[in-house]
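First comes the structure, then the notes that go with it.
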Amino acid sequence: MNNKSLKLILILFAVIISCSKDSENNTAIIEDENGNPMEVDTSENKKNVGDSANDLLSSGSFEKLVVEILYVGELNPTSATLDNFEEFLEARLNKPQGIEIVQRQIENEGQEVYSIQDIRNIEDTHRSKFNDQGTIAVSGIFIDGEYDQNTDNGSVLGVAYRNTSFVIFEQTIKEFSDQPLAPSLTTLESVVVNHEVGHLLGLVNAGTTMQTDHQDIEHGRHCTDDNCLMFWTAETGEGLLNMLTGGSIPSLDASCILDLQANGGK
Ligand SMILES: [Zn+2]
Ligand SMILES: [Zn+2]
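In terms of the working numbering, the sequence shown has 221 at position 221, counting the first letter as 1, and numbering is strictly consecutive.
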């Protein structure tokens with residue numbers, strides 16, 4: 001056996017150990033500020049999408065937000081995307097102690113197709129930011145490969161899958177942005193990131209109570225306004241090519257903003 005395959009087996013073994021440990025104990029080992037291993041409770045970050053909408057929107061329990069972007073290989077978002085994302089968060093969230101976005105490269109997983117369980121396992125292996133006293137943490141993974149739920153006319157670009165977790169299928173986004181007349185990479189990334197975080201904020205009717213009737217029930221937790229960021233076509237490549245005619249990033253419509261404001265947001 002060569003060194004490379006031995007290393008791979010050791011990595012796989014480590015992944016399996018940490019997964020079973022995570023699911024049983026809801027703990028993870030992270031580094032403290034001095035680089036020493038420290039066990040933390042992860043249960044507050046393993047709830048369902050929308051369960052932390054109020055905690056994210058209001059300053060009641062958490063006055064600060066930290067977003068940890070984990071990216072495979074060179075699949076990090078553009079700096080303009082991160083600016084747009086931060087602007088979106090600042091506009092809607094009450095976080096008087098601030099909003100911080102940090103980035104870290106993770107090992108290339110090398111899979112062609114990922115299920116949500118695969119994504120959960122990757123998060124459980126690599127995530128290092130969890131809720132801690134007055135700070136709420138969100139994890140965003142930018143991954144290679146594609147989603148296992150894709151169809152011929154629906155290439156999913158992002159999924160919100162836990163109360164403080166979303167995944168962006170960055171390789172799929174790059175393939176769409178490379179098509180002729182397609183919106184820029186930054187535009188596609190920004191729409192999908194903001195849209196997925198919109199789900200974490202409880203939109204639509206999923207953790208944040210609707211103030212007016214605007215849920216597109218046929219398409220799940222989405223908004224009936226086809227100009228709104230939370231319209232259902234905003235998370236597939238095919239949908240976005242149709243939606244983004246002017247190349248500008250859709251914002252939340254008045255109904256979605258009203259919902260967020262009624263649940264502690266701005
Ligand atoms: Zn959506
Ligand atoms: Zn809306």
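Idealized CB from N, CA, C, for every residue including glycine.
{"Asked": "Nearest to isoleucine 136 by alpha carbon, out of Gln171, Gly264, Leu56 and Phe85?", "Found": "Leu56"}
{"Asked": "Is it buried or exposed, isoleucine 29, if we count other Cβ atoms within 10 angstroms and call 16 or more buried?", "Found": "exposed"}
{"Asked": "Please confirm whether serine 165 and glutamate 107 have their CB atoms less than 9 Å apart.", "Found": "no"}
{"Asked": "DSSP three-state label for glycine 247, please.", "Found": "coil"}
{"Asked": "Given a cut-off of 9 Å on the beta-carbon distance, is the pair leucine 185 and leucine 157 in contact?", "Found": "no"}
{"Asked": "Measure the alpha-carbon distance for asparagine 94 versus valine 138 and round it to whole angstroms.", "Found": "15 Å"}
{"Asked": "Express the C-alpha separation of phenylalanine 142 and glycine 110 in angstroms, rounding to a whole number.", "Found": "13 Å"}
{"Asked": "Counting Cβ pairs, one atom from each stretch, are 3 or more of them under 8 Å apart for the region 249–261 and the region 199–218?", "Found": "yes"}
{"Asked": "Let me know the secondary structure DSSP gives leucine 65 once reduced to three states.", "Found": "strand"}
{"Asked": "Tell me whether glutamate 86 counts as near ligand 1, meaning its Cβ is closer than 8 Å to at least one heavy atom of that ligand.", "Found": "no"}
{"Asked": "Would you say tyrosine 147 and valine 113 are within 9 Å of each other, going by their C-beta atoms?", "Found": "yes"}
{"Asked": "Just how far apart, CA to CA, sit serine 20 and proline 250?", "Found": "Low local confidence applies: a pLDDT of 39 at serine 20 is under 50, so the model's placement there is unreliable, and no value is given."}
{"Asked": "Answer yes or no: the CB of leucine 185 versus the heavy atoms of ligand 2, is any distance below 8 Å?", "Found": "no"}
{"Asked": "Verify the contact flag: alanine 53, CB atom, against every heavy atom of ligand 1, threshold strictly below 8 Å.", "Found": "no"}
{"Asked": "Can you name the start and end residues of the beta strand (DSSP E) that arginine 221 belongs to?", "Found": "Run containing arginine 221: none; DSSP gives neither H nor E here."}
{"Asked": "Quick one: Cα of glycine 265 to Cα of asparagine 54, how far?", "Found": "8 Å"}
{"Asked": "What ranges does the alpha helix (DSSP H) occupy inside the region 160–239, keeping only unbroken runs of at least 4 residues that lie completely in it?", "Found": "170–177 and 185–200"}
{"Asked": "Among Leu181, Val102, Met230 and Gln103, which one has its Cα closest to the Cα of glycine 246?", "Found": "Leu181"}
{"Asked": "Verify the contact flag: histidine 195, CB atom, against every heavy atom of ligand 1, threshold strictly below 8 Å.", "Found": "yes"}
{"Asked": "Could you tell me the distance, in whole angstroms, from the CA atom of lysine 47 to the CA atom of glycine 207?", "Found": "12 Å"}
{"Asked": "So, under 8 Å CB-CB, glycine 140 and valine 49 are touching, yes? Tell me the CB distance rounded to an integer number of Å.", "Found": "The Cβ separation is near 14 Å, so there is no contact."}
{"Asked": "In whole angstroms, what separates the C-alpha of phenylalanine 231 from that of valine 40?", "Found": "37 Å"}
{"Asked": "Under 9 Å, do leucine 229 and proline 183 count as touching if we go by C-beta distance?", "Found": "no"}
{"Asked": "If the criterion is Cβ atoms closer than 9 Å, does the pair glutamine 97 and glutamate 63 meet it?", "Found": "yes"}
{"Asked": "Please go through the same chain and pick out, in chain order, the residues whose beta-carbon is closer than 6 Å to the beta-carbon of threonine 224, but skip the five residues on each side of it.", "Found": "His214 and Asp216"}
{"Asked": "Taking 8 Å as the line, does the beta carbon of leucine 252 fall inside it for any heavy atom of ligand 2?", "Found": "yes"}
{"Asked": "Please work out which residues of its chain come closer than 7 Å, Cβ to Cβ, to aspartate 253, disregarding the five sequence neighbours upstream and downstream, and give them in chain order.", "Found": "Cys223, Asp225, Asn227 and Cys228"}
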